[in-house]
Amino acid sequence: MNSRSRFSRRPPSFSRRPPSFSRRPLAVLAAAAAAFSLALTGCVAGEDSSGAAANDAADGGTLNIDFATYNPLSLVIKDQGWLEATLEEQGVDVNWVQSAGSNKANEALRAGAIDVGSTAGSAALLARSNGSPIKTISIYSQPEWAGLLVSSDSDITSVADLAGKSVAATKGTDPYFFLVQALEEAGLSTSDVTVENLQHADGRTALENGAVDAWSGLDPIMAGAEHAGAEFLYRNLDFNTYGFLNATESFLEEQPEVAQTVVNVYERARAWAAENPEETAQILADVAGLDLEVARTVILERSNLDVDAAPGDAQRKVLEKVGPVFVETGDVASQKAIDDAVASLLDDSFVQKADPAAVKES
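In the UniProt record's numbering, the protein residues as written are 1 to 362.
Written out as structure tokens, the structure is:
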């Protein structure tokens with residue numbers, strides 16, 4: 001595999017300014033939030049009116065796979081057409097479905113609407129612990145993609161100041177679990193704040209319109225908010241879990257060659273993104289409707305794509321740390337369910353056999 005240089009990561013900055021600002025009800029934001037979310041994430045491609053993808057790879061005709069703005073490698077693959085070119089020889093079509101967040105990817109995987117989907121590690125563990133039959137077949141990044149943000153004129157200066165305040169977060173995703181861990185570190189819990197369960201783009205809108213006091217955000221939407229004037233209240237790389245590429249067990253059992261092709265293409269994309277970071281940022285900007293400088297922040301400063309793709313001990317340690325939080329919050333029924341999920345979730349066999357040279361050019 002080609003040698004790759006590790007992307008740099010910018011250190012945190014915590015400049016704060018007083019005073020407080022006025023709040024407006026969440027209901028007033030509905031139309032604006034929906035429009036902003038649509039502008040950032042686009043319409044979900046390849047779905048019928050019920051949200052289910054058109055065909056299933058197990059039927060021999062179509063691979064249903066997601067792309068997500070929080071997974072830059074998926075955007076590169078879709079842009080370059082490698083998956084279509086390589087699977088054409090196997091007689092398999094490719095149906096791309098956009099995931100707006102880990103929770104949406106998990107819903108689609110569980111429903112069988114997609115065969116392969118992108119989530120944070122925490123979200124994959126949550127899904128597996130609650131019975132979703134998925135396996136993690138590759139690690140696509142080790143990002144700093146979640147953090148707590150407040151408005152530039154907020155008087156909140158620490159996580160402890162969030163007591164009694166409202167915080168937007170998308171439950172079932174890394175930003176939500178980032179919030180849980182940050183609160184715990186500050187001696188608080190989710191019962192000490194009002195958590196507004198909003199999809200990521202809607203959370204940004206709520207923060208900018210004063211409907212919430214803080215937002216636990218996700219890149220690239222978080223980087224966009226930062227460039228627009230929002231400020232970090234708290235950052236902690238250790239509270240961000242890895243980017244997991246997951247597949248349904250039925251797909252892996254019935255279409256192992258197609259699954260291997262997916263992993264091969266991901267490794268091709270990893271090398272390409274490392275060699276072409278500016279082009280990768282441009283692809284992200286185009287897909288997410290971002291200013292190029294915002295996309296460059298995500299790719300060059302907060303996305304570590306040069307990470308061992310094989311799911312293993314590094315991810316297992318992170319999941320073992322996050323798991324008990326799920327039990328404490330009631331998101332998972334027991335620690336045994338967590339332990340069983342950690343033991344069964346990771347599958348490095350496809351990465352161990354990965355061959356980027358087998359990928360066809362489009």
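Glycine included, each C-beta is placed from N, C-alpha and C at the ideal position. These numbers were taken from a predicted model, which means no experiment stands behind them.
- When C-alpha distances from P143 are compared across D339, L73, E328, the shortest belongs to L73.
- Runs of the alpha helix (DSSP H) lying entirely within the segment 112 to 198 and spanning at least 4 residues, in chain order: 121 to 129, 174 to 185.
- Linking S99 to P175 through their CA atoms gives a straight-line distance of about 16 Å.
- The criterion of a C-beta distance shorter than 9 Å is not satisfied by W145 and D192.
- In this structure, A182 sits away from Y242, with a CB-CB distance that is not shorter than 9 Å.
- It is roughly 40 Å from the alpha-carbon of G147 to the alpha-carbon of G61.
- With a beta-carbon spacing of about 19 Å, E185 and A168 fall beyond the 8 Å limit used to define contacts.
- DSSP places E253 within a helical segment (H, G or I) once states are collapsed to three.
- By the C-beta density criterion, K336 is exposed, having fewer than 16 other C-beta atoms within 10 angstroms.
- For V263, the closest alpha carbon among the candidates A354, G91, S102, I77 is that of A354.
- Residue pairing from DSSP places V94 in a beta bridge opposite L63.
- Boundaries of the alpha helix (DSSP H) around F326: 313 to 329.
- Exclusion of the five residues before and after H227 leaves V294 as the residues of its chain whose Cβ lies within less than 6 Å of its Cβ.
- Taking a C-beta distance under 9 Å as the contact criterion, A309 and Y140 qualify as a contact pair.
- T119 is classed as buried because its beta carbon has at least 16 other beta carbons within 10 Å across all chains shown.
- By DSSP's assignment, T248 forms a beta bridge with I134.
- P277 and A333 have their C-alpha atoms roughly 42 Å apart.
- Nearest neighbour of G224 by Cα position, chosen from S349, L284, L237, S189, turns out to be L284.
- Out of L149, D66, E84, the CA that lies nearest to the CA of A108 is found in D66.
- It is roughly 11 Å from the alpha-carbon of D202 to the alpha-carbon of S216.
- Residue burial is scored here from C-beta neighbours: G101 has at least 16 other C-beta atoms within 10 angstroms and is therefore classed as buried.
- By the neighbour-count definition (other C-beta atoms within 10 Å, threshold 16), K317 is an exposed residue.
- Cα atoms of V94 and D115: separation of roughly 11 Å, rounded to the nearest angstrom.
- Under the 10 Å beta carbon count, G91 is surrounded by fewer than 16 other beta carbons and is classified as exposed.
- In this structure A314 does not touch V76 by the C-beta definition: roughly 23 Å separates them, more than the 8 Å allowed.
- The distance from the Cβ of G323 to that of L125 is about 6 Å, consistent with a contact at the 8 Å cut-off.
- Counting along the chain, no alpha helix (DSSP H) covers E361, and no H or E run does either.
- The C-beta distance from A281 to L305 rounds to 12 Å, too long to fall under 8 Å, and the pair is not in contact.
- Take the alpha-carbon of A163 and the one of L149: they are about 15 Å apart.
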